[in-house]
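Number of protein chains: 2
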Amino acid sequence: MAPRNPVNHACPIRDVLDRVGDAWSVLVLSELAKGPCRFNALLRVVNGISQRMLSVTLRTLERDGMVSRRVLPLAPPQVEYALTDLGQSLFASLSALKDWATAHQPSVRAARSSYDARMAQPSAAA
Amino acid sequence: MAPRNPVNHACPIRDVLDRVGDAWSVLVLSELAKGPCRFNALLRVVNGISQRMLSVTLRTLERDGMVSRRVLPLAPPQVEYALTDLGQSLFASLSALKDWATAHQPSVRAARSSYDARMAQPSAAA
DNA sequence: TGTATCAAGTTACGAATGGTAACCAGATAC
DNA sequence: GTATCTGGTTACCATTCGTAACTTGATACA
């Protein structure tokens, strides 16, 4: 989300992953991909997110131009968040990764179980 | 890298981003994509990584089946890391995201500057 | 025989980040 | 005047990140 170390300066993919790699951004993006949504509606629909995390995530996405924020002059005021074109294009590009993940999730799980089993055996420990 | 909260259980893309979203995994993957490499060689070539972070990153990648670890029976023993087929396919799928990042980095930077400028002006503050 | 070095890590510990729970503000409804 | 709705913020704790120092086992050098 924030730059973690000086390595990021010239690496575009780290620049992206720093803001997509956190737990919530993708979940929020994919909700907003369905259409504009208000703060509390997102809070209800993004399973497990807290107010603070939603607030932080939305502000980061807004800062990076992925999400627009519009205050509706009502009482109590309502705030509508929506994907920008940039956000939509990012979300589209994530689909390749999502496809990979869906296809290979069983392999990853299997590898992990196998590794854990190997490491659990003292006989095989290095 | 590790599951961050219970939300991950059934979401494949979070499952992937949890292990690709950290600062180092992609850098290590992309080095290994060039060919097998030993620990200290990676340490030198992955700019800014520490021994601990390289160790942790490699172990996670190995556990998830992205990287293989081979101990060469020499003195002192050398350890060669290489991408597995699974790791190679992941790396390939990352390319779409990398292309997006490269193409849109200017837009993101511009959005960020614009946001920061707006927020720096007390007159425009909410 | 003792010292230095190299590989590939691990351990200990302080700093930064992530996450939860509680609180806040303004307005309206009862 | 109390409760409720909105959209947050603050304080605080737990986890994770990152750095620096140490470890192990073997070999080379003197």
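Residue numbers (the working numbering), protein chains in the order written: chain A, 1 to 126; chain B, 127 to 252.
By construction, the Cβ of each residue, glycine as well, lies at the ideal position given by its N, Cα and C atoms.
In the assembly as shown, residue 153 (chain B) is a buried residue. Its beta-carbon has 16 or more other beta-carbons within 10 Å. Shown here, residue 93 (chain A) sits in a helix according to DSSP, grouped into three states.
Under the Cβ criterion (8 Å, minimum of three pairs), the segment 213-230 of chain B does not count as touching the segment 39-49 of chain A.
The straight-line gap separating the alpha-carbon atoms of residue 11 (chain A) and residue 73 (chain A) is approximately 41 Å. Going by C-alpha positions, residue 36 (chain A) is about 10 Å away from residue 69 (chain A).
The CB of residue 177 (chain B) never comes closer than 8 Å to any CB in chain A; the least such distance is about 15 Å. When Cβ-Cβ separations below 9 Å define contact, residue 204 (chain B) makes no contact with chain A. Within the same chain, no Cβ atom closer than 7 Å to the Cβ of residue 107 (chain A) is found once the five residues on either side in sequence are excluded. Residue 63 (chain A) reaches chain B at 237, 238, 241 and 242, counting residues in chain order whose Cβ is nearer than 8 Å. Taking a C-beta distance under 9 Å as the contact criterion, residue 17 (chain A) and residue 146 (chain B) qualify as a contact pair.
In this structure, the alpha-carbon of residue 223 (chain B) lies about 18 Å from that of residue 83 (chain A).
The three-state secondary structure of residue 197 (chain B), taken from DSSP, is strand. Where residue 205 (chain B) is concerned, the enclosing beta strand (DSSP E) starts and stops at 204-209. In terms of Cβ geometry, residue 155 (chain B) and residue 205 (chain B) do not form a close pair [threshold 9 Å].
Below the 7 Å Cβ cutoff, chain A contributes 96, 97 and 100 as neighbours of residue 219 (chain B), in chain order.
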